[in-house]
Each structure stands twice: as C-alpha cells, then as structure tokens.
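These protein sequence lines are chains C and W, in that order. Once you know that position 91 of the first sequence is 91 in our numbering, the rest is easy, because the numbers rise by one and skip nothing. Once you know that position 36 of the second sequence is 151 in our numbering, the rest is easy, because the numbers rise by one and skip nothing. Beta carbons are placed, not taken as given, at the ideal position from N, Cα and C, and that holds for glycine. Worksheet for the structure shown next.
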Amino acid sequence: GAVVSQHPSWVICKSGTSVKIECRSLDFQATTMFWYRQFPKQSLMLMATSNEGSKATYEQGVEKDKFLINHASLTLSTLTVTSAHPEDSSFYICSAMISSYNEQFFGPGTRLTVL
Amino acid sequence: AQSVTQPDIHITVSEGASLELRCNYSYGATPYLFWYVQSPGQGLQLLLKYFSGDTLVQGIKGFEAEFKRSQSSFNLRKPSVHWSDAAEYFCAVGSLNYGGSQGNLIFGKGTKLSVKP
Chain C
1 GAVVSQHPSW
11 VICKSGTSVK
21 IECRSLDFQA
31 TTMFWYRQFP
41 KQSLMLMATS
51 NEGSKATYEQ
61 GVEKDKFLIN
71 HASLTLSTLT
81 VTSAHPEDSS
91 FYICSAMISS
101 YNEQFFGPGT
111 RLTVL
Chain W
116 AQSVTQPDIH
126 ITVSEGASLE
136 LRCNYSYGAT
146 PYLFWYVQSP
156 GQGLQLLLKY
166 FSGDTLVQGI
176 KGFEAEFKRS
186 QSSFNLRKPS
196 VHWSDAAEYF
206 CAVGSLNYGG
216 SQGNLIFGKG
226 TKLSVKP
C-alpha cells in the first residue's frame, strides 16, 4: 500500500516551454502533497505544500507564478513549470501524506532537462 | 536554526562489514526523525522512523538507528552490508503535526554509500 506515482519519469523540453508533472497517490487519499526539488548531489528542498481544494503554500524563494501547483483531488497534484529555462533542470519529487498518519510517501521523481 | 547534518558525504565499506552513517540535528521542538534511502534516479524509500518510545528503532532491510537526545544524533547502522545497499542515504527531521501545515521535513545532504566486493 501507500504507493505514489509520478508522470512523466523524465522529460526534455525546449527553453520557454511549459512542462506539467503529475503526482498521484494510487491506493490512498492524500490530504496533503508536497513538492521537492533535488539538485545533483544535493538534498531535497521543499518547494511547496498543497492541500486538496486550496492554494498551495510556497517556500520562501520559490516563484509561485513559475511553479504552478494544482491539487485537484485527493489523489492528484500537478506541478507545472512555466516558461522553463535551463536552470530549472532538476529532479522533482512529490510526496503524499494522510493526515492521520505521520509519514510522507514519496514518488519516484521526475527528471526535467531544459535545453 | 533547524538543520540536519550528515558529516560524511561518501562512505565505502566492504560487503559483509558493518556500517554506521552519522546524522546530527538541530531542532527547536521535539524531533521526529527519519532515514530514507534513494537509489540512482529513484524516489525515496523510508527505512525507519523515530517518534517516541524505545530509542533504538528497527527498520527495513536490516537497518536500525539509535536516537540519542544528549548528542542530538540519530545514527543509522547495519551489522552486515550487502552490495544492494549501495545508494544515497538521507536523514530527515520533522515535527509531529506537519500534516496540513508547512511540510517541514528537513533533510540532510545525504551520504553516498559504496560497497566493495
């Protein structure tokens, strides 16, 4: 149980285009989903927290207009990187949590490369 | 400031040898501690967690960790390493009620484990 999927697993796009990454909790309803960014050989940095049906809460320094998060249902959150640039290339990982269970379940990550 | 320090960036051990990965934390509230493992290009898998109770916690894959409040440490151990244990290991600290609020899981920078045959 407690499986989180991400799609796509990797994506290459041209500079200036937008990319959408999906995060799904497959066998549970996630009250909260988190989006992290991981640079090569670095740790995970929390970008934003999203609760179903409400606006995401962004960490300091994360541009909310660039990284659009939509938590449309209890099983789906999407991260859209708008007008992507090479510096946005990174590994994006989502996690999902059930409010009554203090553990985040992580997705496998999405490798974004912006040319 | 809240932080997690993993002093060892890279550790190499021989297969069958014992392993200890260090983790120190600085946290204002009661810490809830986690160890995750990440294989190349993969997400994170929870190895074990400590919320309260017995300070020696057992996890999956034969790992254990000991919470030492006086040393602000939560070191990960395994008595006999297998080649399949080669991966990146992350220590993290969070608060009990982070559900629904800011997702304040703070991660260390990770320790890469290599295993020699």
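Short CB-CB distance (under 8 Å) between residue i and chain W
| i | result |
| --- | --- |
| C:L46 | yes |
| C:S43 | yes |
| C:R111 | yes |
| C:Q104 | yes |
| C:P8 | no |
| C:G16 | no |
| C:G61 | no |
| C:G139 | Lying before the first or after the last residue shown, residue 139 of chain C is absent from chain C, which here runs from 1 to 115. |
| C:P108 | yes |
Beta bridge counterpart(s) of residue i as assigned by DSSP
| i | result |
| --- | --- |
| W:R184 | DSSP, once it has assigned bridges, lists no residue as partnering W:R184. |
| C:C23 | C:Q6, C:S77 |
| W:E203 | W:Q153, W:K227 |
| C:M97 | C:T32, C:Q104 |
| W:E179 | W:Q173, W:R192 |
| W:Q209 | The residue you asked about is not Gln; residue 209 of chain W is Gly in the sequence shown. DSSP output for W:G209 lists W:Y147 as bridge partner(s). |
| W:S275 | In the structure displayed, chain W extends from 116 to 232; residue 275 of chain W sits before or after that span and is not available. |
| C:Q38 | C:L44, C:F91 |
Whole-angstrom C-beta distance between residue j and residue i, which should lie under 8 Å
| i | j | result |
| --- | --- | --- |
| C:W35 | C:T110 | Incorrect: roughly 10 Å between the Cβ atoms, too far for contact. |
| C:Q104 | C:S95 | 4 Å |
| C:K14 | C:L115 | 6 Å |
| C:R24 | C:T75 | 6 Å |
| C:S50 | C:I21 | 13 Å between Cβ atoms; not a contact. |
Proximity test, Cβ basis, 8 Å: residue i and chain C
| i | result |
| --- | --- |
| W:L171 | no |
| W:G156 | yes |
| W:L163 | no |
| W:G225 | yes |
| W:L220 | yes |
| W:F205 | yes |
| W:L159 | yes |
Where the beta strand (DSSP E) containing residue i begins and where it ends
| i | result |
| --- | --- |
| W:Q121 | Where W:Q121 is concerned, there is no enclosing beta strand (DSSP E), given that its DSSP letter is neither H nor E. |
| C:A48 | 44-51 |
| W:R137 | W:R137 -> no beta strand (DSSP E), and no H or E assigned at all. |
| W:H125 | 125-129 |
| W:Y165 | 159-165 |
| C:T110 | 110-114 |
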